[in-house]
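Novice: Residue numbers (the numbering used here): 9 to 545.
Just so it is clear, CB atoms sit at the ideal spot from N, CA and C, and this is done for glycine as well.
Fair warning: this is a prediction, and the values are worked out from it, not measured in the lab.
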């Protein structure tokens with residue numbers, strides 16, 4: 009035992025820090041610092057491949073800091089929204105916007121003009137950076153707004169802004185300050201602004217580096233939308249590893265296979281639907297070097313897992329939400345499972361897994377608030393807590409409190425805890441449809457359909473779909489004496505919401521109800537999913 013008398017007086021600070029070291033400063037944890045490190049240590053390494061464009065890490069660093077210098081006086085402390093496909097601008101915004109000292113709002117490129125306008129107004133965005141492919145959409149968006157943001161069009165305007173600006177890098181004093189705002193439809197139909205903090209994104213990115221094995225030799229293909237949970241924090245993760253970003257403006261299997269072979273792709277992410285497109289493309293064939301794949305948004309089927317393995321793609325299943333910076337759980341592969349038969353391995357891989365490396369704690373909570381026993385049978389709601397949980401919903405304290413009433417974020421998903429500590433989804437308590445990795449609030453679609461003058465009442469559920477996993481389907485009762493066709497209802501929704509949210513089918517029928525008049529969606533679901541092996545509704 010140490011003799012305390014031998015320790016010099018005043019050598020130990022009450023907080024446990026030696027007094028003569030009190031002047032030491034500690035860097036704020038922020039994901040944009042990864043680009044500082046990459047530029048310093050790997051400045052000449054190729055950072056970005058975007059068509060014919062190539063940027064080294066030194067060049068990317070300079071561009072992002074100049075972008076910050078150009079955006080700061082335009083933003084005046086308010087958020088900057090970015091509406092671009094998976095191009096270099098999306099990567100530059102992930103660093104340049106925070107360095108301007110303001111939050112980033114990465115806008116879903118599949119939304120309608122009304123939805124985009126709502127997001128810009130709700131976030132109070134001062135600037136909108138957009139790609140020319142969205143010229144028509146942006147014109148429609150601006151026409152719906154009273155207070156319009158400053159618009160920076162990618163191309164000549166954007167490049168001039170960078171060229172004419174002095175480098176800037178604002179570092180937050182508080183690592184839990186607002187980094188970005190990501191919008192999700194949730195279950196109420198109104199998009200919620202999910203607030204990310206610098207610390208969470210820093211640690212989430214670091215976790216993704218470790219879990220996916222990113223190194224300076226890695227080549228990451230952007231098959232996952234950069235706007236989706238800030239690309240699961242991979243703009244920062246790939247940069248932290250000083251790996252190469254390969255941009256992909258549009259998910260096209262022919263282009264994907266070309267880039268995989270020409271660029272030597274080692275990593276990519278995407279929903280199971282993207283994996284299906286890759287696996288069954290005419291160009292598909294075994295790769296020379298293993299490609300590590302992270303998939304989420306829906307459980308991958310054993311069939312697609314087997315097919316990807318045959319082609320040389322090592323697939324890891326992730327689980328998360330917008331509120332958790334993307335992946336919160338990972339189906340960590342155990343070496344002992346290599347001896348299991350293929351069917352069992354595929355089933356193990358399809359589970360949602362355990363908390364990721366940034367110590368995201370996971371619980372399965374029963375109705376009485378207790379932890380479900382780890383028996384693989386008792387169901388409960390999956391709850392999460394950790395560094396990668398949101399600050400809250402922008403300007404919605406009530407929804408924030410409801411989401412995490414006791415500090416544990418309720419996901420709305422129903423699952424079981426297996427004896428080995430791995431979680432598996434069994435059902436969804438939230439009335440949300442996950443189609444191709446995108447959340448669709450059925451309430452939102454129902455409200456759009458209900459606006460049709462011929463509709464009396466409507467119910468929207470998820471139905472199975474071979475390509476997208478599940479898609480929205482509408483069941484409609486018309487008003488007496490009124491008429492409408494399936495095509496009319498679908499087009500009516502498309503004029504109000506993003507096209508992917510429109511129902512794929514419309515059935516005109518009397519809706520099943522309880523004795524109190526509540527629509528029994530489970531009856532419709534049971535019929536639609538009859539005979540399906542995998543069903544998470």
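(1) If contacts are defined as beta-carbon pairs under 8 Å, then residue 211 and residue 108 qualify, I think. What distance do you get, rounded to the angstrom?
(2) Could you tell me if residue 85 is buried or exposed, where buried requires 16 or more neighbouring beta carbons within 10 angstroms of its beta carbon?
(3) Only counting runs of 3 or more residues, tell me where the beta strand (DSSP E) segments fall wholly within the region 116-177, in order along the chain.
(4) Thinking C-alpha only, which one of 104, 102 and 192 is nearest residue 118?
(5) Would you mind stating whether residue 337 and residue 364 have Cβ atoms separated by less than 9 Å?
(6) Residues in the same chain with beta-carbon distance under 8 Å from residue 478, minus the five sequence neighbours each way, listed in chain order, please.
(7) Using a Cβ-Cβ cutoff of less than 7 Å, which residues in the same chain neighbour residue 523 once the five nearest sequence positions on both sides are dropped?
(8) CB-CB under 7 Å to residue 271, same chain, minus the five flanking residues each way: which ones, in chain order?
(9) Given this structure, state the Cα-to-Cα distance separating residue 178 from residue 74, to the nearest angstrom.
(10) Quick one: what's got a C-beta closer than 7 Å to residue 250's C-beta in the same chain, skipping five residues either side?
(11) Mind checking who residue 431 pairs with in its DSSP beta bridge?
(12) Tell me whether residue 447 sits in a helix, a strand or coil according to DSSP, three-state version.
(13) Leaving out five residues on either side along the sequence, give the residues of the same chain with a beta carbon under 7 Å from the beta carbon of residue 59.
(14) Can you give, in chain order, each stretch of the beta strand (DSSP E) that sits fully within the region 206-275 and has at least 3 residues?
(15) Among the residues of its own chain, which have a CB less than 7 Å from the CB of residue 132, if the five just before and after it don't count?
(16) Does DSSP put residue 460 in a helix, a strand or coil?
(17) On the criterion of 16 or more Cβ atoms from any shown chain inside 10 Å, does residue 140 qualify as buried, or is it exposed?
(18) Check whether the region 272-285 touches the region 294-302, taking contact to mean three or more Cβ pairs, one atom from each stretch, closer than 8 Å.
(19) Contact between the region 199-217 and the region 388-408: three or more CB pairs below 8 Å?
(20) Determine whether the beta carbon atoms of residue 40 and residue 89 lie at a separation below 9 Å.
(21) Residue 328 lies in the beta strand (DSSP E); which residues open and close that run?
(22) Between 388, 330 and 362, which lies nearest to residue 372 when the distance is taken from Cα to Cα?
Specialist: With the structure as the only source:
(1) Taking the chain shown and counting its residues from 1, one reaches residue 211 at position 203. Taking the chain shown and counting its residues from 1, one reaches residue 108 at position 100. Not quite, the Cβ-Cβ distance comes to about 23 Å (not below 8 Å), so this is no contact.
(2) Taking the chain shown and counting its residues from 1, one reaches residue 85 at position 77. With fewer than 16 other Cβ atoms within 10 Å, it is exposed.
(3) Within the region 116-177, the complete beta strand (DSSP E) runs of at least 3 residues are 135-138 and 158-161.
(4) On the chain shown, position 110 is the one that residue 118 refers to. Selection 104, 102 and 192 evaluated against residue 118 yields 192 as nearest (Cα-Cα).
(5) Position 329 of the chain shown, counted from the start, is the residue given in the question as residue 337. Position 356 of the chain shown, counted from the start, is the residue given in the question as residue 364. Between residue 337 and residue 364, the CB-CB gap stays under 9 Å.
(6) As a first step, residue 478 must be located in the chain shown, where it is residue number 470. Taking residue 478 as the centre and dropping the five residues before and after it, the same chain places the C-beta of 306, 441, 442, 443, 470, 471 and 472 closer than 8 Å to its C-beta, in chain order.
(7) The count along the chain shown starts at 1 and reaches residue 523 at position 515. Residue confidence for residue 523 is low, a pLDDT of 46 falling below 50, so the modelled location carries little weight; the figure read from the coordinates is stated next. Leaving aside the five residues that flank residue 523 on each side, none in its chain has a CB nearer than 7 Å to its CB.
(8) In the chain shown, the residue the question calls residue 271 occupies position 263. 57, 227 and 254, listed in sequence order.
(9) The residue you call residue 178 lines up with position 170 of the chain shown. The residue you call residue 74 lines up with position 66 of the chain shown. Put simply, the backbone Cα of residue 178 is about 12 Å away from that of residue 74.
(10) Within the chain shown, numbered from 1, the residue matching residue 250 stands at position 242. These residues qualify, in order along the chain: 46, 49, 50, 53, 65 and 224.
(11) Position 423 of the chain shown, counted from the first residue, corresponds to residue 431. Beta-bridge pairing by DSSP links residue 431 to 361 and 425.
(12) One-based indexing of the chain shown puts residue 447 at position 439. Of the three classes helix, strand and coil, the one that applies to residue 447 here is strand, per DSSP.
(13) On the chain shown, residue 59 is found 51 positions in, with the first residue counted as 1. Sequence-distant partners of residue 59 (beyond 5 residues in either direction) whose C-beta falls short of 7 Å from its own C-beta are missing from its chain.
(14) Runs found: 227-229 and 252-254.
(15) Counted from its first residue, the chain shown places residue 132 at position 124. Beyond the five residues adjoining it in sequence on each side, residue 132 comes within less than 7 Å, by CB distance, of 86 and 87 in the same chain, given in chain order.
(16) Here residue 460 is taken as the residue at index 452 of the chain shown, counted from 1. DSSP places residue 460 outside both helix and strand once states are collapsed to three, so it counts as coil.
(17) The residue labelled residue 140 in the question sits at position 132 within the chain shown. Under this definition residue 140 is an exposed residue.
(18) The region 272-285, when compared against the region 294-302, does touch it at the 8 Å Cβ threshold.
(19) Between the region 199-217 and the region 388-408, the count of Cβ pairs shorter than 8 Å is three or higher; the stretches touch.
(20) In the chain shown, residue 40 corresponds to position 32, counting from 1. In the chain shown, residue 89 corresponds to position 81, counting from 1. Contact flag unset, no.
(21) If you number the chain shown from 1, residue 328 lands on position 320. For residue 328, the uninterrupted beta strand (DSSP E) run begins and ends at 321-329, by DSSP.
(22) Here residue 372 refers to the residue found at position 364 when the chain shown is read from its first residue. When each option's Cα is compared against that of residue 372, the closest is 388.
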